[in-house]
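>
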């Protein structure tokens, strides 16, 4: 198991906590346990991918409330809820809040471990996508104002001649800008550039959205 | 019987005794009530005894029947109350069971690894043993709650009992975000009563309050339990008020509240409050309900305090 992931377990029953910790450690996970949801919210490390196993029936702050707090704090870590109470309404609420899964105690180790593995791999992928986006945004920010203008024209399918007319520059200069844009953005085709633009658009990169792409 | 009649006759007081007639030929035992008084002559000797003999067998049988019905009804409703606590018990049981299971699974995997971490192995095993004891405790608790025969009357510490019942519904309270405030005055006296029945009474009233709060669905919900003593030592009373922030009681509900089979709940049998009243009456106490200033309901229960034992 990669050392760059971490599993958090939050349950107000210390015996359940150490049992989860022992089981997860036997397959090599880095496990951190909290018997207080507030402690978890205060101390967890968002820079590490992984997942959190959250008990529903905690007295200090129940599982769903902890999930809400995580959303408010912008923590997108996948949540695996565990509960001893088979209550459909709680389950629906948990899943609506974006939970990864909802498991009824007692849980078989194969189910638990495979769920944890899947949740971790999803978080790893989300982390990779975030990193990918961050590097794309960084590339885009390295473009000059003129290059950004040219790029937004290219992704709308405009020809060099049209771009030159719009921006009031000679076609040769447009060609130079176009080559720079392709190089800086790390793509070879217009299609690749359109794809990146869509990704940036979806990610909500503020500067990118503020630019005029009409 | 003769002794009673002779003794009472000598004093000249009227007598009233119940006695049984046991028939050797297999006829059922009859209960006879004998009432009368004696008359004495000038010398103080009994001159005549007058009175009546009434066969009260049917009445005695009926009374016994009513008492046993009452007991089984109380027991039945206790089973029902425990049913509503299934959630809490499920949680209490599933926590240690989960811990036991995962520890056992971890041990299995640890044994396949080299080198075996003996310290972890040992602590996992000792945790399993401890958790097994926790499960046994829950089962013992459940059994005590369900046991049929009441333990009889004794001096009951209501403060302890209130906390015990809150402990039982702790998980329900957490799940429905109900904050509990318990205010018990230090002068609250012990009660002379049946602890199993009194526990059931509190459980009924508290689960009702939780249901009312849950049905109303208000954001801020609170359950307040206030208890205090009143009256002088020796013949004082114990008062407890259970107040909720539900939707309160309608005038119509107020009138039929304690009637059996009256319920506002979808799956309610309508026995909870009827039983609660039966328990209170059995303890020579009183119970009444009203609405509180927060729009919820409040139940007042008054029970006679246990008589102070001579120090």
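Chains as they are written, first to last, in my numbering: chain V, 1 to 214; chain F, 1 to 311. We treat Cβ as the ideally placed atom computed from N, Cα and C, and that holds for glycine. Quantities reported herein were computed from a predicted structural model and do not represent experimental measurements.
Taking only three categories from DSSP, how would you classify residue 22 of chain F?
In the second chain, the residue the question calls residue 22 of chain F occupies position 22. Correct three-state label for residue 22 of chain F: coil.
> Comparing alpha-carbon positions, which option in F/241, F/179 and F/25 lies nearest residue 62 of chain V?
The residue labelled residue 62 of chain V in the question sits at position 62 within the first chain. Among F/241, F/179 and F/25, the Cα nearest to that of residue 62 of chain V belongs to F/179.
> Might you give, ordered along the chain, the residues of its own chain that have their beta carbon closer than 7 angstroms to the beta carbon of residue 31 of chain V, omitting 5 neighbours on each side?
The sequence position of residue 31 of chain V within the first chain is 31, counting from 1. If we look at residue 31 of chain V and ignore the five residues flanking it on each side, its Cβ neighbours are 7, 9, 21, 24 and 25.
> Three or more C-beta pairs under 8 angstroms: does that hold for the segment 130–139 of chain F against the segment 169–177 of chain F?
no
> Please classify residue 178 of chain V as buried or exposed, where buried requires at least 16 other C-beta atoms within 10 Å of its C-beta.
The count along the first chain starts at 1 and reaches residue 178 of chain V at position 178. Buried: at least 16 other Cβ atoms inside 10 Å.
> Determine whether the beta carbon atoms of residue 101 of chain F and residue 109 of chain V lie at a separation below 9 angstroms.
Counting from 1 along the second chain, the entry for residue 101 of chain F is found at position 101. Counting from 1 along the first chain, the entry for residue 109 of chain V is found at position 109. The answer is yes: Cβ separation under 9 angstroms.
> Quick one: does residue 127 of chain F have its CB under 9 angstroms from some CB of chain V?
Indexing the second chain from 1 puts residue 127 of chain F at position 127. True, the Cβ-Cβ gap to chain V drops below 9 angstroms.
> State yes or no: is the C-beta of residue 67 of chain V within less than 9 angstroms of the C-beta of residue 85 of chain V?
On the first chain, position 67 is the one that residue 67 of chain V refers to. On the first chain, position 85 is the one that residue 85 of chain V refers to. The answer is no: Cβ separation not under 9 angstroms.
> Taking DSSP as the reference, what is the three-state secondary structure of residue 238 of chain F?
Counting from 1 along the second chain, the entry for residue 238 of chain F is found at position 238. Strand at residue 238 of chain F.
> May I ask you to list, following chain order, the residues of the segment 25–40 of chain V that have a beta carbon less than 8 angstroms from some beta carbon of chain F?
25, 26 and 27
> How would you list, in chain order, the residues of chain V whose beta-carbon sits under 8 angstroms from the beta-carbon of residue 110 of chain F?
Against the second chain, residue 110 of chain F aligns to sequence position 110. Those within 8 angstroms of residue 110 of chain F in chain V are 22 and 26.
> Which term fits residue 186 of chain F, buried or exposed, when burial requires 16 or more other beta carbons within 10 angstroms of its beta carbon?
Taking the second chain and counting its residues from 1, one reaches residue 186 of chain F at position 186. Exposed, by the Cβ-count rule.
> List, in order along the chain, the chain A residues whose C-beta lies closer than 9 angstroms to that of residue 64 of chain F?
The chain labelled as chain A is not found among the protein chains of the depicted structure, namely V and F.
> Residues of chain F with CB closer than 7 angstroms to the CB of residue 18 of chain V, please, in chain order.
Locating residue 18 of chain V in the first chain gives position 18, counting from the first residue. Near residue 18 of chain V (Cβ distances below 7 angstroms), the residues of chain F are 127.
> Considering Cα atoms alone, identify which of F/292, F/195 and F/171 is closest to residue 282 of chain F.
Sequence index remark: in the second chain, residue 282 of chain F carries index 282 (1-based). Checked all of F/292, F/195 and F/171; the closest Cα to residue 282 of chain F is F/195.
> Pull up the distance between the alpha-carbon of residue 280 of chain F and that of residue 15 of chain V, whole angstroms please.
In the second chain, counting from the first residue as 1, residue 280 of chain F sits at position 280. In the first chain, counting from the first residue as 1, residue 15 of chain V sits at position 15. Looking at the two C-alpha atoms, the distance is approximately 41 angstroms.
> Apply the 10 Å Cβ neighbour rule to residue 189 of chain F and answer buried if 16 or more other Cβ atoms are within range, or exposed otherwise.
Here residue 189 of chain F is taken as the residue at index 189 of the second chain, counted from 1. By the neighbour-count criterion, in which 16 or more other beta carbons inside 10 Å mark a residue as buried, residue 189 of chain F falls on the buried side.
> What's the C-alpha gap between residue 39 of chain F and residue 16 of chain F?
As a first step, residue 39 of chain F is located in the second chain; it is residue number 39 there, counting from the start. As a first step, residue 16 of chain F is located in the second chain; it is residue number 16 there, counting from the start. Residue 39 of chain F and residue 16 of chain F: Cα-Cα distance of roughly 15 angstroms.
> Answer with yes or no whether the minimum CB distance from residue 80 of chain V to chain F is below 9 angstroms.
As a first step, residue 80 of chain V must be located in the first chain, where it is residue number 80. Chain F contact via Cβ: absent.
> Distance cutoff 9 angstroms, beta carbons only. Does residue 220 of chain F sit that close to anything in chain V?
Residue mapping note: residue 220 of chain F aligns to position 220 of the second chain, counting from 1. So no, residue 220 of chain F is outside the interface.
> What in chain F is Cβ-close to residue 105 of chain V, meaning under 8 angstroms?
By one-based count along the first chain, residue 105 of chain V stands at place 105. Under the 8 angstroms cutoff, chain F gives 94, 95, 97 and 98.
> Applying the criterion that 16 or more other CB atoms from any shown protein chain within 10 Å of the CB defines a buried residue, is residue 149 of chain V buried or exposed?
Position 149 of the first chain, counted from the first residue, corresponds to residue 149 of chain V. Buried: at least 16 other Cβ atoms inside 10 Å.
> How would you write the range of the alpha helix (DSSP H) that residue 279 of chain F sits in, first residue to last?
Counting from one through the second chain, the residue named residue 279 of chain F turns up at place 279. 272–282 is the span of the alpha helix (DSSP H), which, as asked, contains residue 279 of chain F.
> Are three or more beta carbon pairs between the segment 151–164 of chain V and the segment 190–201 of chain V nearer than 8 angstroms?
Yes, they touch.
> Can you find the residues in the same chain that come closer than 7 angstroms, C-beta to C-beta, to residue 203 of chain V, ignoring five residues on each side of it along the sequence?
The count along the first chain starts at 1 and reaches residue 203 of chain V at position 203. Cβ neighbours of residue 203 of chain V beyond the five flanking positions: 133.
> Tell me, please, which residues DSSP counts as bridged to residue 55 of chain F.
Numbered from its first residue, the second chain carries residue 55 of chain F at position 55. In the DSSP output, where bridge partners are listed per residue, residue 55 of chain F has F/32.
> State yes or no: is the beta carbon of residue 90 of chain V nearer than 9 angstroms to at least one beta carbon in chain F?
On the first chain, residue 90 of chain V is found 90 positions in, with the first residue counted as 1. Taking Cβ atoms only, chain F reaches closer than 9 angstroms to residue 90 of chain V, which makes this a yes.
> Alpha carbon to alpha carbon, how far is residue 53 of chain F from residue 18 of chain F? Give it in angstroms, no decimals.
Walking along the second chain from the start, residue 18 of chain F turns up at place 18. Walking along the second chain from the start, residue 53 of chain F turns up at place 53. Each residue's alpha carbon lies about 10 angstroms from the other.
> Quick check on residue 227 of chain F: does DSSP put it in helix, strand or coil?
Translated into the one-based positions of the second chain, residue 227 of chain F becomes position 227. Annotated three-state conformation of residue 227 of chain F is strand, per DSSP.
> Can you pull the chain V neighbours of residue 171 of chain F, defined as C-beta to C-beta under 7 angstroms?
Indexing the second chain from 1 puts residue 171 of chain F at position 171. In chain order: 57.
> Using a cut-off of 7 angstroms between C-beta atoms, extract the partners of residue 90 of chain F located in chain V.
The residue given as residue 90 of chain F occupies position 90 in the second chain. Under the 7 angstroms cutoff, chain V gives 84 and 85.
> Which two residues bound the contiguous beta strand (DSSP E) that contains residue 149 of chain V?
The residue given as residue 149 of chain V occupies position 149 in the first chain. Not the beta strand (DSSP E): residue 149 of chain V falls in the alpha helix (DSSP H), residues 145–154.
> Name, in chain order, the residues that DSSP records as bridge partners for residue 51 of chain V.
As a first step, residue 51 of chain V must be located in the first chain, where it is residue number 51. Answer is V/7, bridged to residue 51 of chain V.
> Hey, how far is the Cα of residue 139 of chain V from the Cα of residue 189 of chain V?
Counting from one through the first chain, the residue named residue 139 of chain V turns up at place 139. Counting from one through the first chain, the residue named residue 189 of chain V turns up at place 189. Whole-angstrom Cα-Cα distance: 16 angstroms.
> By DSSP's criteria, residue 34 of chain V is part of a beta bridge. Which residues make up the other side?
Here residue 34 of chain V refers to the residue found at position 34 when the first chain is read from its first residue. The partner list for residue 34 of chain V (beta bridge, DSSP) reads V/10.
> Could you tell me the alpha carbon to alpha carbon distance between residue 68 of chain F and residue 122 of chain F, rounded to whole angstroms?
Residue 68 of chain F sits at position 68 when you count from the first residue of the second chain. Residue 122 of chain F sits at position 122 when you count from the first residue of the second chain. Going by the C-alpha atoms only, they are around 53 angstroms apart.
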